[in-house]
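For reference, the structure discussed in these notes is given below.
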Amino acid sequence: MSDWIAIAKLTEIPQRGARLLKTDTADIAIFRTGSDEVFAVSDQCPHLGGPLSQGIVHGNAVTCPLHNWKIDLNSGDVMAPDEGCVRTYPVKIEAGVVYLGATEVQATIGK
Amino acid sequence: MREKLVLIGNGMAGVRTLEEILKLDPEMYDITVFGAEPYGNYNRIMLSPVLAGEKSIDDIILNDEQWYVDNHITLHTGQQVTHIDRYQRRVVTDDGLEAHYDRLIISTGSSPFILPIPGADLEGVVGFRDVHDVDQMLATAKHYKKAVVIGAGLLGLEAADGLLKQGMDITVIHLLDTLMEQQLDSTAGAMLKASLEARGMKFLMCHQTEALLGEGRVQGIRFANGQTIPTDLVVMAVGIRPNITLAQSAGIYCERGIVVSDTLATYDPRIYAVGECVQHRGITYGLVAPLFEQAKVCANHLCQLGYGRYEGSVVSTKLKVSGIDLFSAGEFIETEGDETLVMQDPAEGIYKKLVIHNNKVKGAVMYGDTLDGSWYFQLLREETDISSFRSTILFGQHSVGDAGHGGGSKMVNLSDDAEVCGCNGVCKGEIVKAIQDKGLFTLDEVKAHTKAGASCGSCSGLVEQILVSTVGSDFDAVPSKKAMCGCTDLSHDEVVEAIRKEGLKDMATLFQYLNWNTPDGCASCRPALNYYLLCSWPEEYKDDAQSRFINERVHGNIQKDGTYSVVPRMFGGLCTAKDLRAIADVSDKYNVPQMKVTGGQRIDLFGVKKEQLPAMWKDLNDAGFISGHAYSKGLRTVKTCAGETWCRFGTQNSIDLGVKLEHFTWGSWMPHKFKIAVSGCPRNCAEATIKDFGVVCVDSGYELHVGGNGGIKVRVTDLLCKVATEEEVREYCGAFTQFYREDAHYLERTANWIERVGMKRIKAHVVDDEAGRKVLNERFKVSQKVAQVDPWKERADGAESHEFTPLQMAG
Ligand code: SRM
Ligand SMILES: Cc1cc2nc3c(=O)[nH]c(=O)nc-3n(C[C@H](O)[C@H](O)[C@H](O)COP(=O)(O)OP(=O)(O)OC[C@H]3O[C@@H](n4cnc5c(N)ncnc54)[C@H](O)[C@@H]3O)c2cc1C
Ligand code: SF4
Ligand code: FES
């Protein structure tokens, strides 16, 4: 199971926006949707590595700023017509604080 | 019980009729099909690529046997119908199979005409019509070397090309001195001949075949002039004859073909006929496009809808020999009273000829460059009056009315009713609609759903372009009159009207009021809506950063590696030593990897990390710089030239005027980027005539030019008007800019906008209506009050800091 680590207050992430989380091992994009759900995915677009945290957030998806690939934040899957997927990380909100599953983040060290 | 429908002839026209019927009313008939060939329905057109070894039989099957099963159609392959009993309403085949009908469709196609000369029945003498013929030719090519094709028409040349590709030594015999004389004039014919000869094809023109020589197998060919040449294979491609014997023997009225009315009914009202076997208003057709039109009408009547009418077709021709572009349509040999427009570039191998009558296109022949074929064909069929663009018509559609950057691809600029697939009569609009409604992503899917590109395939490239431009990058998509995006059915204009009329002042209200399909739009509509709201309610609407593309959100251009570029504004391109020193210092301090003088007369600092931006902007602010908005849909630069102050030709102070205009217009948000230039004289060193708003100074005042574009597709400006004073220049500039802001669709540059709405409309609002102009200019000034805030300063002072500071992991 994950060790949850607090990373931000929900209000520190703009609605329909994202914050970049830099860790020793990975750049992770933390998204907050219009309905206040939170998702964490790798900040590298599977296409050519575009920074997903800079994209426009709509529904539970983000559009990559470089060439408009759309990524489903829930599954990490690239939406048709393009194909691919990005790594997702577990996140949760408790009492207005966003937590990230640290075990999974650590696990990327090995990659 | 369902009525019984029987189809004789399992070919392209007959099966297409069934498809049309199934589309209209799948429950209507019990269907039985008889086909003499031992296959399901295949794409006969594609036999040429099969012969050339570019496709296999499997590739060209249109409806496999499963299709018949799935649609509950009884298929009898390898069964030739030999008798139609009209009294008892049944058909009988050579094997004695029988079927009863309530309605009958005869679609027996045609057969190659075999010259009635001695030796025509020798082995090795074939037509070019079906899979069997192709098999024979391929088998011959394996063991023999020499082949002759008689007839240099469309079919003959495709056969010759295929056999050449199979490694045969090929001679084409033709009775006349021009090849493809039905489709080409002598010039284009000669060009075609030259390029086929260059591939190794030999021609004997003006040769009449007298006899085929040989014992059992053909060995040679003799001409009327006594000459003989050896050969191992003879392909007869001298014409086709409608297959009417069966119909005739049943007493159905025939002339050259089975005679049908505009509803495709024969003289027997229970019997319909479609395809090459048919004669309609005196004409028989040998290309699929008209046959498919017939199929549609025939199905309409068989399904008892009763409103379809076939009134004949104008046909166009393309040759399916890879590497050869050739197009012809209509009456392309001029007769008295016609005029001819010709463009010829022998070095490039390009030839275009249009035959014009009363300012209407009557015929077209093109060789080498056939991109505009579908456009000319459309002008021809729609009998468009071409007088207004006659002088440039030969240069193609792009020279007439599709300037602007338009995504770069030609298809984007075609109107929705332009025909893309000539074979199946599919227009661009239908393709775009199918792609959007059905969510199609591959060429095959588009072919399957629309039939575009599914017959001869020569339009596949165009279909692909449409596909790319429709599903491709949303940001570059040229706004169309269609729905803004998948989130709504409303067009840009409808949304803007609702915003203004209904007083919608924020996005949430808008989504709700206009029944958006998605909770918060998409990356395509949100930036557009944000702009429309901002432009409509400058003093009330609060800009939504999250609806802006990253460049506008963080006020820099995102680079491929995720860094940003920084371009400080240099009003009119003017700078001082102190300015340059300050930029140099900033560059040193932040280790900027590269600096460059831009095409917009200022300096770009590339490769800056996002976290550094606010600090760097602060330093630039301190040195007197503000954002250059090199990233915005809004004013970019005002280019100026030396002008009166320095230049020996200068007529007015262009530098000073440029600086003033930049101070006036910077910061405004617009539908797309906007560029201004001021040139001091008509030598136009600031390139004012390819800018969105350009000023060319002359002795007596200022010429104002609008709608220029130097980007993907160059468009030269239109002259708006001439004014006498700088004050007027400002007023017109403000009014024009505001009108563009309010009237254009999001992501539509002035060039595209003017092409869409026309200069007349622009002049009516900005030039002719003095009061209106002043009001527009005032509105622009109001919106500038809010807009002219340096975004760099705001952020250097701490605004939106979350953008520039990554989160840290606690613990
Ligand atoms: C920096 C500059 C090239 C340079 O080093 O000279 C430049 C750079 C870019 N141009 Fe440009 N354009 C630059 C002058 C031009 C010019 C020349 C001019 O303005 O005189 C043109 C043709 C004139 C015109 O616009 O009509 C030009 C036509 C384009 C176009 C095509 C626009 C069109 O309507 O056809 C695009 C694509 C677009 O806007 O969608 C584009 C897009 C871009 C973008 C922003 C690509 C993007 O969307 O990310 C480039 C950013 C590069 C980067 O990584 O920072 N750039 N671009 C120039 C900046 C000028 C400035 O000082 O602001
Ligand atoms: C090599 C080649 C290339 C071509 N290229 C082009 C092109 O590029 N563009 C274009 O538009 N057109 C082209 N055509 C023409 C196009 O293929 C025809 O116009 C089209 O196939 C005619 O359709 P149809 O249904 O009338 O006849 P067909 O497709 O010939 O179908 C008639 C069918 O009826 C069957 N039949 C006949 N009599 C009986 C009977 N008594 N009982 C049972 N079955 C019977 C025949 O066996 C045949 O299968 C080409 C044709 C050929 C041969
Ligand atoms: S031309 Fe413009 S858009 Fe293209 S690579 Fe150069 S800077 Fe980028
Ligand atoms: S890098 Fe994301 S779409 Fe190209």
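Chains as they are written, first to last, in the working numbering: chain A, 384 to 494; chain B, 1275 to 2085.
Here a beta-carbon is modelled for each residue, glycine too, at the ideal position from N, C-alpha and C.
Every value quoted in this text rests on a predicted model; they were computed, and no experiment measured them.
- Contact with chain B is absent for I454 of chain A, since none of that chain's Cβ atoms lies less than 7 Å from the residue's Cβ.
- Between E1605 of chain B and K1636 of chain B, the gap from beta carbon to beta carbon is short of 7 Å.
- Relative to the non-hydrogen atoms of ligand 2, the Cβ of C1971 of chain B never comes closer than 6 Å to any of them.
- Taking the beta carbon of K405 of chain A as reference, the chain B residues within 7 Å of it are P2080, listed in sequence order.
- Chain B has no Cβ within less than 7 Å of the Cβ of A423 of chain A.
- In the three-state reduction of the DSSP assignment, C1701 of chain B falls in the strand class.
- Contact with chain B is absent for I476 of chain A, since none of that chain's Cβ atoms lies less than 7 Å from the residue's Cβ.
- Only residues of its own chain outside the window of five on either side were considered, and among them A412, I413, F414, R415, L435, S436, Q437, G438, V440 and V445 have a CB closer than 8 Å to the CB of A401 of chain A, listed in chain order.
- Under the three-pair Cβ rule at 8 Å, the region 1358 to 1370 of chain B does not count as touching the region 1431 to 1442 of chain B.
- Counting only heavy atoms of ligand 4, the residues whose C-beta sits closer than 5 Å to one of them are, along the chain, A:C428, A:H430, A:L431, A:G433, A:C447, A:L449, A:H450 and A:W452.
- For H2076 of chain B, the chain A residues whose Cβ falls inside 7 Å of its Cβ are E395, P397 and R402, in order along the chain.
- Below 8 Å, too few C-beta pairs join the region 1401 to 1413 of chain B and the region 1487 to 1498 of chain B to call them touching: fewer than three.
- Listed along the chain, the chain B residues whose CB falls inside 9 Å of the CB of S418 of chain A are P1793 and D1794.
- Spanning the alpha carbons of H1554 of chain B and D1542 of chain B requires a straight line of approximately 15 Å.
- If you check the C-beta of T1644 of chain B against ligand 2, you find no heavy atom less than 6 Å away.
- Within the model, the alpha-carbon separation for V1365 of chain B versus K1278 of chain B is close to 12 Å.
- Boundaries for S1590 of chain B: no alpha helix (DSSP H) harbours it, while the beta strand (DSSP E) harbouring it runs S1590 to K1592, taken from the DSSP string.
- DSSP assignment within the region 1947 to 2024 of chain B yields the following whole beta strand (DSSP E) runs of 3 residues or more, N-terminal first: 1948 to 1953, 1967 to 1972, 1975 to 1980 and 1992 to 1997.
- Annotation for D1878 of chain B indicates a beta carbon within 6 Å of some heavy atom of ligand 1.
- Considering only beta carbons, the part of the region 1817 to 1830 of chain B lying closer than 9 Å to chain A consists of D1818, A1819, Q1820, S1821, R1822, F1823, I1824, N1825, R1827 and V1828, in chain order.
- Here DSSP, grouped into helix, strand and coil, assigns H1346 of chain B to coil.
- When beta bridges are read from the DSSP output, C1528 of chain B appears opposite B:I1532.
- Contact annotation for R1800 of chain B against chain A: I439 and H441 [CB-CB distance below 8 Å, chain order].
- Taking 7 Å as the cut-off, the beta carbon of L1296 of chain B is found no closer than this to the beta carbon of C1577 of chain B.
- Restricting attention to B:I1305, B:L1336 and B:D1304, the CA atom closest to the CA of M1286 of chain B is found in B:L1336.
- Note on geometry: alpha-carbon atoms of T1914 of chain B and Y1976 of chain B lie some 14 Å from one another.
- CA-to-CA, the gap between I1877 of chain B and L1848 of chain B works out to about 11 Å.
- Remark: C-beta atoms of L1978 of chain B and C1955 of chain B do not approach each other more closely than 7 Å.
- For R2069 of chain B, the closest of B:A2009, B:K1949, B:G1985 and B:K1884 by C-alpha to C-alpha distance is B:K1884.
- By the criterion of a C-beta distance shorter than 7 Å, G2046 of chain B is surrounded in its chain by H2039, once the five residues flanking it on both sides are discounted.
- Straight across, the Cα-Cα distance linking H1829 of chain B with L1803 of chain B is about 19 Å.
- Residue state for W1811 of chain B is assigned as coil, using DSSP reduced to three classes.
- For G1881 of chain B, the nearest beta carbon of chain A is not closer than 7 Å to its own beta carbon.
- Around P434 of chain A, the beta-carbon contacts reaching into chain B at under 7 Å are G1836.
- Each of B:A1524, B:A1434 and B:A1464 was checked against the Cα of V1508 of chain B, and the nearest Cα belongs to B:A1434.
- Here N1789 of chain B is exposed. Its C-beta has fewer than 16 other C-beta atoms within 10 Å.
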